[in-house]
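> Chain order of the listed sequences is A and B. Using our numbering, you'd call the opening residue of the first sequence number 1 and step up by one each time. Using our numbering, you'd call the opening residue of the second sequence number 258 and step up by one each time. Ideal Cβ placement from N, Cα and C applies to all residues, glycine included. Pasting a structure below so you can have a look.
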Amino acid sequence: MSSIAIKENLVYTRTPLMTEKVLSFCPGCGHGVVHRVIMEVIEEMGLQDKTIGVAPVGCAVLAYEFMNVDMQEAAHGRAPALGTAIKRLNPDKTVFTYQGDGDLAAIGTAETFHACNRGENIVMFFVNNGIYGMTGGQMAPTSLEGMKTATSPYGRDVSTMGHPLKITELLAQLPGTYMVARHSVHTPANVRKFKKAVRKAFENQLEKKGTSLLEIVSNCNSGWKMTPTDANKWMEEHMFAEFPLGDIKMDGQLVQK
Amino acid sequence: MKEFKLMKGNEAVAEAAIRAGCDGYFGYPITPQSEVLEYLMAEQPEKRTGMIVLQAESEVAAINMVYGGAGCGKRVMTSSSSPGMSLKQEGISYMAGAELPCLIVNVVRGGPGLGTIQPSQGDYFQSTKGGGHGDYRLIVLAPASVQEMADFAVLGFDLAFKYRMPALILSDGVIGQMMEKVVLPDQRPRFTEAEIRKNTPWATQGKTPDREHNIITSLDLDSSKQEIHVNHLDEKYKAVEANEVRYEELQCEDAEYIIVAYGSSARISQKAVDLLRAQGVKVGLFRPITLFPFPKKPIAEYAKKVKGFLSVEMSLGQMVEDVRLAAEGKTKVEHFGRVGGIIPTPDEVVNALTKLM
Chain A
1 MSSIAIKENL VYTRTPLMTE KVLSFCPGCG HGVVHRVIME VIEEMGLQDK TIGVAPVGCA
61 VLAYEFMNVD MQEAAHGRAP ALGTAIKRLN PDKTVFTYQG DGDLAAIGTA ETFHACNRGE
121 NIVMFFVNNG IYGMTGGQMA PTSLEGMKTA TSPYGRDVST MGHPLKITEL LAQLPGTYMV
181 ARHSVHTPAN VRKFKKAVRK AFENQLEKKG TSLLEIVSNC NSGWKMTPTD ANKWMEEHMF
241 AEFPLGDIKM DGQLVQK
Chain B
258 MKEFKLMKGN EAVAEAAIRA GCDGYFGYPI TPQSEVLEYL MAEQPEKRTG MIVLQAESEV
318 AAINMVYGGA GCGKRVMTSS SSPGMSLKQE GISYMAGAEL PCLIVNVVRG GPGLGTIQPS
378 QGDYFQSTKG GGHGDYRLIV LAPASVQEMA DFAVLGFDLA FKYRMPALIL SDGVIGQMME
438 KVVLPDQRPR FTEAEIRKNT PWATQGKTPD REHNIITSLD LDSSKQEIHV NHLDEKYKAV
498 EANEVRYEEL QCEDAEYIIV AYGSSARISQ KAVDLLRAQG VKVGLFRPIT LFPFPKKPIA
558 EYAKKVKGFL SVEMSLGQMV EDVRLAAEGK TKVEHFGRVG GIIPTPDEVV NALTKLM
């Protein structure tokens, strides 16, 4: 049988900026979509030969295996420090960091805040799934109140374990951040919105505007112990309630709600 | 005609780094090394050579900035003092694992903990045996003068790039703070992007169609590959030990006793040797310049001839273990030191050697 995937019928193909390696993410996880969208935008903007990415420690630790651009693997939480130096020393390169919630909002809080406060001219991606996926489902700084995890087996008690950290809203208060927004990639419509934001973020960098921070609220069906479909539903009902989607700061101005 | 300047050790290492073609300095203030960052901020090397200077939010951030810069093939450096060096160990271990060159300066003060701001040599173990987690070494250069602070900035960068590993200048509060005459190196250019792409083809400068994407990482989840990698590091460290040993000998030819000392302890011991020679004691000074690689072979040779070694260090006795290992029990090896930021006097060294006799 001849293939129907002839050139005339082809409406979508994998960007060559994603390698052919099989993703290490669990089926249903949002990371792979986030990876792909970032790489598509870099391809469409013709930035591959100028791009240097920084991978985190966490589920996306192997991002450099999948993203076909030059990449550096940071120690846990330190991606914004690497990004700072890479961009300062190579101002004509395009630099992005990619971090999870434990990486950006717990162990790397200092590096995150100060990179944003200096207004480092980089794009920061922050995938928030409210749990430590790679190490096996422990409590994250963004775990919701009452959320059961491996290290909060009776639910997150905010009186002893702290509150879900809305670090993105805090970072939007810093003069150095130029664009701060919260997205998701669990529906085609959300993916399209996210992709537009990614493009805007990289355009900001080309225009030397300062830090663009994009949070992606994502699911962790393995860590949440749900099917992918249930995880997305739970995310809409619970995660979005705590971490509402939308623009928080655009063109250097806080968005009035 | 060479130009002489009167400078602090901390200033000399900073100025020499600019002239070595350094691309970026990332640091955090701590006594007694803050003059490095202060000098660079006042000097504004960005206007001279394009070199970037950034005051980081912590030593942790600073060393990770160095990682990022080094990963791009840039000549980058940081400096700190002992408590700050403890914080940098994470990044140093990652750089060793990822095989990244850089220059690190430790102007050692007394510990443990917050310790004291006065000079010490208590970071020898941390510097020469690894410091952070995992199996790795640094190239460790021990300056005993302001001149060597300047010289080793250039040498440190060159060795770091030769072997793709961090080089550490292990100084101390005396060498960092004292002023001496110094001849500064000539200005050499910073690397161009074309040079980086050619000479350090592993560096992340952006993937071009003619090569695969470059990855800077210290991670390999496949243990069989990680073992190969760690063994590769070991081969490199063995090459460093074979090729890069540096030391200085003073009056060792006819010596019956040898004082082994580095850095400011060597300066003090040099005076002690003069005092002892005046008394007719045949004593010499052996000064390791590289602490890793440690000059094992010459010490082993002297061990066959001398009646004893005295390791003089501003610590409870750290380098003395390496002297003992090199001497292999062929002669006695003792230690003398002061701690807590106290600098030993030449007379104390004389007394310690007399006791050894």
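Note down the Cα distance separating L412 of chain B from A271 of chain B, rounded to an integer number of angstroms.
14 Å
> Figure out for me which residue from B:L610, B:P376, B:V596, B:N321 has the closest Cα to the Cα of E111 of chain A.
B:N321
> Mind pulling the chain A residues with CB within less than 9 Å of Y351 of chain B?
E73, A74, A75, R78
> So the beta strand (DSSP E) N363 of chain B belongs to, where does it begin and stop?
359–365
> Identify whether L426 of chain B lies in helix, strand or coil by the three-state DSSP scheme.
Note on identity: in this sequence residue 426 of chain B is Ile, with Leu being the wrong assignment. Looking at I426 of chain B - three-state DSSP - the assignment turns out to be strand.
> With DSSP run on the structure shown, which of helix, strand or coil describes H390 of chain B?
coil
> Y324 of chain B versus chain A: which residues are under 9 Å apart at the beta carbon?
Result: Q72, A74, A75, R78, A81, L82, A85.
> What are the uninterrupted segments assigned as beta strand (DSSP E) that are 3 or more residues long and contained completely in the segment 196–246 of chain A, given in chain order?
211–217
> Find the residues of chain A that neighbour N456 of chain B, judging by a C-beta separation of less than 9 Å, and give them in chain order.
Identification of chain A residues near N456 of chain B by a Cβ-Cβ cut-off of 9 Å yields none; the smallest Cβ-Cβ distance measures about 16 Å.
> Would you mind reading off the limits of the beta strand (DSSP E) that contains H592 of chain B?
589–593
> So, helix, strand or coil for E316 of chain B, using DSSP?
helix
> The segment 329–356 of chain B: which residues have C-beta closer than 8 Å to a C-beta of chain A, in chain order?
Residues C329, K331, V333, E347, G348, Y351, A355.
> By the DSSP assignment, the beta strand (DSSP E) with R445 of chain B in it spans what residues?
It is not in any beta strand (DSSP E) - R445 of chain B carries neither H nor E in the DSSP assignment.
> Would you kindly work out how many angstroms separate the C-alpha atoms of S481 of chain B and C29 of chain A, rounded to a whole number?
For S481 of chain B and C29 of chain A, the distance between alpha carbons rounds to 29 Å.
> My output table needs one value for V602 of chain B: the three-state DSSP class, helix, strand or coil.
At residue 602 of chain B the sequence reads Thr, which differs from the Val that was named. The answer is coil: DSSP assigns T602 of chain B none of H, G, I, E or B.
> For the segment 39–70 of chain A, which segments carrying the alpha helix (DSSP H) assignment without a break, of at least 4 residues, lie completely within its bounds, in sequence order?
63–66
> Closer than 7 Å, Cβ to any Cβ of chain A: which residues of the segment 412–440 of chain B, in chain order?
none
> The alpha helix (DSSP H) that contains M147 of chain A, what's its start and end?
Segment: none, M147 of chain A is in no alpha helix (DSSP H) and carries neither H nor E.
> Could you tell me whether the segment 20–40 of chain A touches the segment 179–191 of chain A, using the rule of 3 or more Cβ pairs below 8 Å?
Contact holds: three or more Cβ-Cβ distances are below 8 Å.
> Consult DSSP for Y514 of chain B and reduce its assignment to one of helix, strand or coil.
Looking at Y514 of chain B - three-state DSSP - the assignment turns out to be strand.
> Determine the direct distance from the alpha carbon of G520 of chain B to that of T547 of chain B, and round the result to whole angstroms.
11 Å
> Tell me where the alpha helix (DSSP H) around G108 of chain A begins and ends.
Unbroken run through G108 of chain A: none, as it is neither H nor E.
> Assign S384 of chain B to one of three DSSP states: helix, strand, or coil.
helix
> Only counting the same chain, and skipping five residues up and downstream in sequence, which positions put a Cβ closer than 6 Å to that of P228 of chain A?
G28, N221
> Can you give the Cα-Cα distance for A460 of chain B and G246 of chain A, rounded to whole angstroms?
37 Å
> Taking M161 of chain A as the reference, which of A:Q48, A:Y64, A:L144, A:G100 has the closest Cα?
A:L144
> Can you name, in chain order, every residue of its own chain whose Cβ lies under 8 Å from the Cβ of E314 of chain B, other than the five neighbours on each side?
Y285
> Using 8 Å as the threshold, is the C-beta distance between D103 of chain A and T142 of chain A below it?
no
> What's the call for V158 of chain A, buried or exposed, on a 16-neighbour Cβ count within 10 Å?
Of the residues assessed, V158 of chain A falls on the exposed side of the cut-off, its CB having fewer than 16 other CB atoms within 10 angstroms.
> Ignoring anything shorter than 4 residues, give me the alpha helix (DSSP H) runs that lie fully in the segment 496–548 of chain B, in order along the chain.
520–535
> From G266 of chain B to E295 of chain B, what does the alpha carbon distance come to, in whole angstroms?
13 Å
> Helix or strand or just coil, what does DSSP make of M1 of chain A?
Because M1 of chain A carries a pLDDT of 48, less than 50, the predicted location of this residue cannot be relied on, and the following value inherits that uncertainty. Three-state result, M1 of chain A: coil.
> Which residues in the same chain as A63 of chain A place their Cβ atom closer than 6 Å to its Cβ, once the five residues preceding and following it in sequence are excluded?
A55, Y98
> Are the C-beta atoms of E300 of chain B and some chain A residue less than 8 Å apart?
no
> In chain order, which continuous runs of the beta strand (DSSP E) of length 3 or greater are located wholly inside the segment 281–363 of chain B?
281–284, 309–312, 333–337
> On a Cα-Cα basis, can you pick out the residue from A:F243, A:H31, A:T15, A:T94 that is closest to M340 of chain A?
There is simply no residue 340 of chain A to check, as chain A begins at 1 and stops at 257 in what is shown.
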